[in-house]
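> Using the working numbering, you'd call the opening residue of the sequence shown number 199 and step up by one each time. Take this structure, written in structure tokens, and hold onto it; I'll ask about it next.
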Amino acid sequence: MSSKSICSPSESSSSTKSWIVHGIVAGAAIAVAVGARAYLGRSKNFRSRVVGIIPARFASSRFEGKPLVNILGKPMIQRTWERSKLATTLDHLVVATDDEKIAECCQQFGADVIMTSESCRNGTERCNEALQKLEKKYDIVVNIQGDEPLIEPEIIDGVVKALQAAPDAVFSTAVTSLKPEDAFDPNRVKCVVDNHGYAIYFSRGLIPYNKSGKVNPQFPYLLHLGIQSYDSNFLKIYPGLHPTPLQLEEDLEQLKVLENGYKMKVDHEAHGVDAPEDVEKIESFMRERNLS
Numbered sequence: 199m200s201s202k203s204i205c206s207p208s209e210s211s212s213s214t215k216s217w218i219v220h221g222i223v224a225g226a227a228i229a230v231a232v233g234a235r236a237y238l239g240r241s242k243n244f245r246s247r248v249v250g251i252i253p254a255r256f257a258s259s260r261f262e263g264k265p266l267v268n269i270l271g272k273p274m275i276q277r278t279w280e281r282s283k284l285a286t287t288l289d290h291l292v293v294a295t296d297d298e299k300i301a302e303c304c305q306q307f308g309a310d311v312i313m314t315s316e317s318c319r320n321g322t323e324r325c326n327e328a329l330q331k332l333e334k335k336y337d338i339v340v341n342i343q344g345d346e347p348l349i350e351p352e353i354i355d356g357v358v359k360a361l362q363a364a365p366d367a368v369f370s371t372a373v374t375s376l377k378p379e380d381a382f383d384p385n386r387v388k389c390v391v392d393n394h395g396y397a398i399y400f401s402r403g404l405i406p407y408n409k410s411g412k413v414n415p416q417f418p419y420l421l422h423l424g425i426q427s428y429d430s431n432f433l434k435i436y437p438g439l440h441p442t443p444l445q446l447e448e449d450l451e452q453l454k455v456l457e458n459g460y461k462m463k464v465d466h467e468a469h470g471v472d473a474p475e476d477v478e479k480i481e482s483f484m485r486e487r488n489l490s
């Protein structure tokens with residue numbers, strides 16, 4: 199199957215760049231919630247209105263036009279949208295993009311679209327801009343990666359409920375078990391947590407790292423998944439936080455949150471698309487499970 203960038207089957211992608219799949223992983227995941235001192239003592243019931251935002255851009259350095267790649271006859275962004283719509287915690291779902299081709303495609307399959315600036319440096323900033331343009335007010339914003347055509351609705355619900363249940367939490371994300379063969383892949387972001395389920399660190403390198411320099415098959419390494427949710431007030435603050443040394447060194451925005459003193463608390467697995475060769479893997483997985 200060719201990796202076509204589509205809104206219709208005839209559209210093609212000019213990309214020849216390789217990309218890497220978030221592996222099909224097993225085991226229960228851990229939802230990570232990030233707490234801030236400023237939110238301590240607030241009611242557990244103060245965040246009931248939830249919006250899901252799928253940030254999507256065309257000009258990806260690794261895979262141009264990735265949101266429009268053909269997955270069994272539908273653009274990947276549509277697959278992600280349809281799976282996300284099954285989540286029970288979302289009151290609204292929108293696509294945030296800076297590209298007219300993506301916007302037109304999404305509107306064709308019925309998605310609500312918010313146009314955002316090309317200057318957004320990451321999905322979090324794009325979500326923040328989209329949030330400001332929404333007519334209704336929301337308490338929680340879920341940042342849903344557009345390259346997760348098999349995302350489980352339960353993952354979305356899990357990160358939302360984790361945030362709702364923690365009065366001191368302003369941020370949530372998810373991790374799952376890491377496959378040994380992905381241990382040294384810098385595109386697989388690893389996470390370590392403390393005994394109380396709070397995130398200690400995220401890294402592109404293997405963490406923890408032992409003296410032998412080899413993977414310990416007995417250790418439950420954790421893989422960070424792309425989905426995350428934010429308290430809407432914190433999301434407004436986040437873009438204004440200055441870049442931090444660890445964030446810049448690892449190129450991981452989660453570290454900026456940790457370095458600024460916010461606390462993280464940690465449910466599921468996801469099947470992502472990062473490279474053209476992974477499209478066939480996703481399609482095969484979908485056929486096996488009658489998800490087409």
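For every residue, glycine included, the Cβ atom is placed at its ideal position computed from N, Cα and C.
1. Report yes or no: do the stretch 321-334 and the stretch 389-406 share at least 3 C-beta pairs separated by less than 8 Å?
2. If I follow the unbroken beta strand (DSSP E) through F400, where does it start and stop?
3. Are D297 and F256 closer than 9 Å when you measure CB to CB?
4. What's the C-alpha gap between G263 and I275?
5. If we ignore side chains and look at the alpha-carbon of each, how far apart do E447 and D429 end up?
6. At what residue ranges does the stretch 376-452 contain a whole run of the alpha helix (DSSP H), taking only runs of 4 or more?
7. Measuring CB to CB, does L433 end up less than 9 Å from R245?
8. Once the 5 residues before and after D289 are set aside, which same chain residues still bring their CB inside 6 Å of it?
9. Say whether the stretch 353-370 touches the stretch 329-336, bearing in mind that this needs 3 or more beta-carbon pairs closer than 8 Å, one atom from each stretch.
10. To the nearest angstrom, how far is it from the Cα of L376 to the Cα of P418?
11. What residue range does the alpha helix (DSSP H) around G459 cover?
12. Compare the C-alpha of D380 against each of H394, V413, V293, V373 and name the closest.
13. Once the 5 residues before and after Q330 are set aside, which same chain residues still bring their CB inside 7 Å of it?
Looking at the atomic coordinates:
1. Segments in contact, no.
2. From DSSP, the beta strand (DSSP E) with F400 extends over 396-401.
3. Cβ distance < 9 Å, so D297 and F256 count as in contact.
4. Spanning the two alpha carbons is a distance of roughly 10 Å.
5. Going by C-alpha positions, E447 is about 26 Å away from D429.
6. Runs of alpha helix (DSSP H) with 4 or more residues, each lying fully within the stretch 376-452, are found at 430-435, 443-448, listed in chain order.
7. With respect to R245, L433 sits apart: the two C-beta atoms are not nearer than 9 Å.
8. Only R247, V248 meet the Cβ criterion.
9. When C-beta atoms of the stretch 353-370 are compared with those of the stretch 329-336, fewer than three pairs fall below 8 Å, so the two segments do not count as touching.
10. Answer to the nearest angstrom: the Cα atoms are 8 Å apart.
11. G459: not part of any alpha helix (DSSP H); DSSP gives it neither H nor E.
12. Relative to the Cα of D380, the nearest Cα in the group H394, V413, V293, V373 belongs to V413.
13. None.
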